[in-house]
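For the sequence shown, the working numbering gives the first residue as 11, with consecutive numbering after it.
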Amino acid sequence: MINIGVCIEPFYMGQSFEQKLRNIEKLGFKSYEFWFHDKDFTNQGLVDEKKDFAKIKNLNKELGLKTNDFVLNHPDGGIIAALINRHDTNKILDNLSYMIDLAHTIECKKFISGSGNIIKGLAKEDAIDAMTDSLGLIGDVCKKEGMEIILEPFNSIVDHPDYFLDDPQVAVDILKKVNNDHVTMLYDIYHMQIMAGNIVDFVTKNLKYIGHFHIAGVPGRHEPIENELNYPFILNSIEALGYKGAFGLEYFPTMDSDESLSRTLKVLTSSLK
């Protein structure tokens, strides 16, 4: 059975992290993910707010929930560092040990990493080389710690206009060079439909490099139940390939969060073979 989880931030605006977890558990979800360990997402954007990982550990145990992953560095590189900037490599590595300790506390095995935004004057080839080297170093640490770093390409057309890594094939090429099972890709179906399309064919050819999926409707990044993508077909196709990981619902609801998530979960799971 496919594991459909929730990316917590876009849902239940104004409610506490604990209450959000209690809400999704009541709806039948068994897993979730979040963005930052020290920030919350509100109607005003990101605000400073450290999460209590000891409390999260206890909540996971009480509610029977699993934390799939959380973010290591902001996609644009503004928080922590950018993978494409060699001057940031030590910042990432210095922060990594602290983040691993947090992850171990809640028995989380994966981090999400972005490439960083385009740096003026930095050639594409040099940026790719820097990212490859950084991921190699991060991957070595993750392998020793039983962790996994998942690299996420984003769309640069709608949501992240200056983002560097917007091509899933470039991501795969980098992962081939890194050659470490603890360094994989987060394939966000919403972002990659906008940038490249051809979803099922790409995943079929490259599933071995994919460690996680995100789901949202196209266009709009809302509920994935009425949109241009045939998600039941996509999910059934990926499951048939042998994928055993999670799919994270990362979208902005157009209705009450409970209604949005329950409808989405019902539509997606009832359509699975």
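Where is the CB? At the ideal position from N, CA and C, for every residue including glycine. None of these values were measured; they are calculated from a predicted model.
Bridge partners of residue i, per DSSP?
i, result
"I14", "F257"
"E158", "K120"
"M195", "L161 and I220"
"E43", "C17"
"F52", "The sequence given here places Thr at residue 52; Phe does not occur at that position. DSSP lists G55 as partners of T52."
"E225", "Sequence inspection shows Ile at residue 225; the Glu mentioned does not correspond to that position. L259, per the DSSP bridge assignment."
"N127", "Y173"
Could you work out which residue in the options is closest to residue i when comparing CA atoms only?
i, options, result
"I148", "I138, I159 and D183", "I159"
"I199", "G252, E260 and I34", "E260"
"T274", "Y42, E249, G227 and A256", "G227"
"E117", "I90, N68, N208 and R231", "N68"
"I235", "N190, S281 and G255", "S281"
"Q54", "E19, R32, L82 and P85", "E19"
"N189", "L175, D143 and V210", "D143"
"D150", "N83, H224, T115 and L103", "L103"
"M205", "P178, G230 and K186", "P178"
"H232", "G146, R32 and E269", "E269"
"D111", "P85, L73 and E155", "E155"
"L73", "D58, E43 and K36", "K36"
"I138", "D176, N165 and L239", "D176"
"Y10", "T264, P163 and I167", "Residue numbering for the chain in the displayed model covers 11 to 283; residue 10 lies beyond these limits and cannot be assessed."
"I129", "I12, E238, Y173 and D211", "Y173"
"F44", "G126, H224 and Y253", "H224"
"K71", "I14, R32 and E238", "R32"
"L82", "F46, F212, T99 and G126", "F46"
"V210", "G221, N237, K187 and N246", "N246"
"L75", "P85, P171, Y42 and S272", "Y42"
"D169", "F262, K187, N240 and E59", "F262"
"A140", "C152, Y253, S125 and S267", "S125"
"P229", "V277, F212 and N165", "N165"
"E238", "A256, I248, F212 and N208", "N208"
"A113", "C152, G146 and E135", "C152"
"I248", "G38, Y197, V16 and N100", "Y197"
"F257", "D266, K187 and T279", "T279"
Where does residue i land, buried or exposed, given buried means 16+ other C-beta within 10 angstroms?
i, result
"Y108", "exposed"
"A133", "exposed"
"A192", "Checking the sequence shown, residue 192 turns out to be His, not Ala. Looking at its Cβ environment, which holds 16 or more other Cβ atoms inside 10 Å, H192 is buried."
"Q203", "buried"
"M195", "buried"
"L251", "exposed"
"N78", "buried"
"F243", "exposed"
"V57", "exposed"
"M11", "exposed"
"G221", "buried"
"I14", "buried"
"P163", "buried"
How would you write the range of the alpha helix (DSSP H) that residue i sits in, first residue to last?
i, result
"L31", "F27 to L37"
"K76", "Taken as a continuous stretch (DSSP letters only), K76 belongs to no alpha helix (DSSP H), being part of the beta strand (DSSP E) at K76 to V81."
"T279", "S267 to S280"
"K5", "Outside the modelled stretch of the chain, which goes from 11 to 283, sits residue 5, for which no answer is possible."
"L73", "F63 to L73"
"P178", "P178 to V188"
Counting along the chain, where does the beta strand (DSSP E) carrying residue i start and finish?
i, result
"Y173", "Element bounds for Y173: n/a, residue is neither H nor E."
"L245", "Element bounds for L245: not the beta strand (DSSP E) but the alpha helix (DSSP H), Y241 to A250."
**OP:** Say whether the segment 18 to 27 touches the segment 36 to 55, bearing in mind that this needs 3 or more beta-carbon pairs closer than 8 Å, one atom from each stretch.
**Re:** Under the three-pair Cβ rule at 8 Å, the segment 18 to 27 counts as touching the segment 36 to 55.
Original post:
So, do the segment 105 to 124 and the segment 157 to 177 have three or more beta carbon pairs nearer to each other than 8 Å?
Top reply: yes
Original post:
Do the segment 209 to 223 and the segment 177 to 189 make contact, defined as three or more Cβ pairs closer than 8 Å?
Top reply: Contact holds: three or more Cβ-Cβ distances are below 8 Å.
Original post:
Do the segment 91 to 107 and the segment 64 to 73 make contact, defined as three or more Cβ pairs closer than 8 Å?
Top reply: no
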